[in-house]
Structures are given as structure tokens and as C-alpha cells.
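Residue numbers (the numbering used here): 3 to 139.
By construction, the Cβ of each residue, glycine as well, lies at the ideal position given by its N, Cα and C atoms.
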Amino acid sequence: MAAEHQPTLIDLDDTDLELRYLKDDIRGHTVIDRDGHEVGKVDGLIIDEHDKQVRLLRIGSGGLLGFGKTKRLVPVEAVTRIDQHEVYIDRTKESVADSSPYDPPLRESALFYQRLYGYYGYAPFWAPGGAPRYPLG
Numbered sequence: 003m004a005a006e007h008q009p010t011l012i013d014l015d016d017t018d019l020e021l022r023y024l025k026d027d028i029r030g031h032t033v034i035d036r037d038g039h040e041v042g043k044v045d046g047l048i049i050d051e052h053d054k055q056v057r058l059l060r061i062g063s064g065g066l067l068g069f070g071k072t073k074r075l076v077p078v079e080a081v082t083r084i085d086q087h088e089v090y091i092d093r094t095k096e097s098v099a100d101s102s103p104y105d106p107p108l109r110e111s112a113l114f115y116q117r118l119y120g121y122y123g124y125a126p127f128w129a130p131g132g133a134p135r136y137p138l139g
């Protein structure tokens with residue numbers, strides 16, 4: 003069995019790269035859970051450096067005027083629909099809030115991403131059977 007190779011994931015805000023499909027840039031969109039509740043806003047995108055495709059949404063919530071905001075990552079596989087200003091996900095606000103907070107130093111850890119995808123019940127996009135169903139691009 004061939005070993006899985008995890009592509010390099012980077013924060014789009016930390017690079018001068020552009021997305022493969024510019025319409026995938028949904029930063030600023032409001033995230034709505036499967037029950038119609040607001041989860042937060044997409045305040046960043048984690049992309050596959052090679053394919054330049056969005057793999058994770060960085061969602062910010064809480065805080066005041068941008069201070070004290072909690073950030074969480076959600077795989078794009080959770081996205082069910084994107085409108086002009088909203089992104090709809092198939093998870094609840096509580097399940098996102100209960101996930102591990104975003105910790106930039108962990109971005110280099112394959113185990114971090116495996117656990118993140120596992121928490122949400124998805125195979126990582128680089129693994130056999132893992133394929134994003136992101137409705138754009």
C-alpha cells in the first residue's frame with residue numbers, strides 16, 4: 003500500500019499566491035450552520051500550495067471589534083452551499099465551537115489535520131476516498 007502524502011497547506015493571507023478559481027475567495031462571508039444559526043465569518047482560507055485550492059475555512063467568531071475572536075478550521079467538505087454573502091455548512095454551530103481552536107504553529111503537523119478531518123467525519127482530501135465537494139471551482 004502506498005504511503006499517503008499530505009500536501010503543504012498554507013494560509014492564503016500569508017502568501018502572494020492566488021486561488022486557482024478566484025470565485026472561491028469567500029473571505030468575509032457569514033457561515034450558517036445546518037440549523038440556520040450564524041457560526042461566524044470566514045476570515046481566512048487554508049489552501050493546498052500546489053493545487054491552489056481551498057481546503058479549509060478559517061472561521062472567526064465572538065470577540066469585540068475583532069479582539070478576542072476565536073478561530074476554528076472547517077474542512078470544505080462541510081460546505082453545502084454558497085450564496086453571495088453566506089456559506090452554509092452541514093455541521094452545527096456547537097460542533098464547530100467544540101472543535102480545537104486554530105493554532106497556526108500546528109499547521110505543519112500532519113497529525114493535526116488528520117485529527118481535524120476525523121473530528122468532522124471526513125477522510126482528508128489527500129487520502130484515498132477523500133475528495134472535496136466544495137461547490138465552487
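**Study point:** Check: His39 C-beta below 7 angstroms from any heavy atom of the ligand FMN
**Key:** The ligand FMN is absent from the structure shown, which contains no ligands of any kind.
Point to revise | Asp15 vs Gly46 beta-carbon contact at 8 angstroms | key: By the CB criterion at 8 angstroms, Asp15 and Gly46 fall inside the cutoff.
Exercise for review: Scan the segment 24-107 and note each continuous alpha helix (DSSP H) run of 4 residues or more that stays entirely inside, going in chain order.
Suggested key: If we require 4 residues or more, the alpha helix (DSSP H) runs fully inside the segment 24-107 come out as 95-99.
Check your understanding: Run through DSSP, which three-state label would Leu11 get?
Key -> Strand at Leu11.
Point to revise | Pairwise C-alpha distance: Arg117 and Glu79 | key: Within the model, the alpha-carbon separation for Glu79 versus Arg117 is close to 15 angstroms.
Review point. DSSP three-state call for Asp18: helix, strand or coil?
Key: Note: Asp18 maps to coil in three-state DSSP.
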